[in-house]
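Asks: If you count the sequence shown from 1, you need to add 1 to reach our numbering.
We treat Cβ as the ideally placed atom computed from N, Cα and C, and that holds for glycine.
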Amino acid sequence: MEIAIKELLNTLEKQENITILFACESGSRAWGTDSASSDYDVRFIYIQEVDWYLQLFEGRDVIEISPNDKVEMVGWDLKKALKLLQKSNPTLLEWIHSPIIYLCESAFTAKLKTLSQLAFSSIPTIHHYLNMARKNYQSLPKEKRTTTKRYLNILRPLLSCLWILDNQEMPKNDITLLSHQYMNDPKLDQQIDLLLQSKQNGQEYFESMHLNKYFEETFSVIEERIKNVQKVNLMPINTLNDFFLEIVKKGNS
2 MEIAIKELLN TLEKQENITI LFACESGSRA WGTDSASSDY DVRFIYIQEV
52 DWYLQLFEGR DVIEISPNDK VEMVGWDLKK ALKLLQKSNP TLLEWIHSPI
102 IYLCESAFTA KLKTLSQLAF SSIPTIHHYL NMARKNYQSL PKEKRTTTKR
152 YLNILRPLLS CLWILDNQEM PKNDITLLSH QYMNDPKLDQ QIDLLLQSKQ
202 NGQEYFESMH LNKYFEETFS VIEERIKNVQ KVNLMPINTL NDFFLEIVKK
252 GNS
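1) May I ask which residues mark the beginning and end of the beta strand (DSSP E) holding L22?
2) If we cut at 8 Å on Cβ distances, does N234 have a partner in chain B?
3) Going by C-alpha to C-alpha distance, which of E73, Q56, S99 and W32 sits closest to D40?
4) Would the stretch 96-109 count as touching the stretch 7-26 if we require 3 or more Cβ pairs under 8 Å?
5) Could you pull the DSSP bridge partners for V249 from this structure?
6) Could you check whether S199 and T149 sit closer than 8 Å to each other, using their CB atoms as the reference points?
7) Can you list, in chain order, the residues of its chain whose CB lies under 8 Å from that of L189, leaving out five sequence neighbours each side?
8) Could you give the residue range of the beta strand (DSSP E) that holds F216?
9) Anyone know if the C-beta pair for Y152 and E3 falls short of 8 Å?
10) So, helix, strand or coil for S99, using DSSP?
11) In whole angstroms, what separates the C-alpha of Q56 from that of L10?
12) Look up N69 in the DSSP assignment and give the residues it is bridged to.
13) Evaluate the contact criterion for the stretch 122-140 versus the stretch 227-236: three or more CB pairs, one atom per stretch, below 8 Å.
14) For W77, which residues of its own chain have a beta-carbon under 7 Å away from its beta-carbon, when the five flanking residues on both sides are left out?
15) By Cβ distance below 7 Å, which residues in the same chain neighbour W32 in space, the five residues on each side in sequence not counted?
16) Are at least three pairs of beta-carbons, each pair with one atom in the stretch 136-144 and one in the stretch 231-246, less than 8 Å apart?
17) Quickly, what does DSSP pair I64 with across the bridge? List them, please.
In structure tokens, the structure reads:
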């Protein structure tokens, strides 16, 4: 499938007249929670020709396409991506740290990873994951049967919050690594193993009182600990602007 995705990316470059600098897998396959029926969520960063950036009114800076029923592709123009990087956008940071890379320009990717570390800010990233977990958790009582996906969409962001609080860096994408880091209770370990097995086997529903209790306790821990996290200043615009100009000029030389 990797070869097919690379071919789709090459075709997209020609169709849209763009240069793709970086492409990765997002979603369940990057998190280690995929099943045989999981789609491929391809995400990429691209640049346009110089004239596109010199227009009085810039065009659309997002590309969204589903070339078939198994692959969804979403890309952001480099300018959009770097603006979001300055704000420590967790979605973009997850792309950059994805364990599955389909395409990358090595020098660009190395510099992008360095900038992502410098731009990282704990507070907005924790709030992003905390809100994601809370939104999914609040849906539990409204559902007659809780889906496996719902449980994972609570567990992964909560574990991500704990990682950030402990390490002040972007968390690992792999939920198994995160759970091993923070699960010291054999019962919880067992429940998480069952949850992951259920997802990988395509089981749609899951229920665990042990995990429900853990979620409640962990929300309280995170909300208390975040009070002591210090705010970090945004990365200087000039740093990102210089990088943007360097890449666009190089890509159009």
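Replies: Reading from the atomic positions:
1) T20 to S27
2) No chain B is part of this structure, which consists of one protein chain only.
3) E73
4) yes
5) For V249, which the question treats as bridged, DSSP gives no partner whatsoever.
6) yes
7) H211, L212 and Y215
8) Counting along the chain, F216 falls outside any beta strand (DSSP E), though it belongs to the alpha helix (DSSP H) covering M210 to R226.
9) no
10) coil
11) 26 Å
12) V72
13) yes
14) I46, D62 and V63
15) R157, N174, D175 and I176
16) no
17) G76
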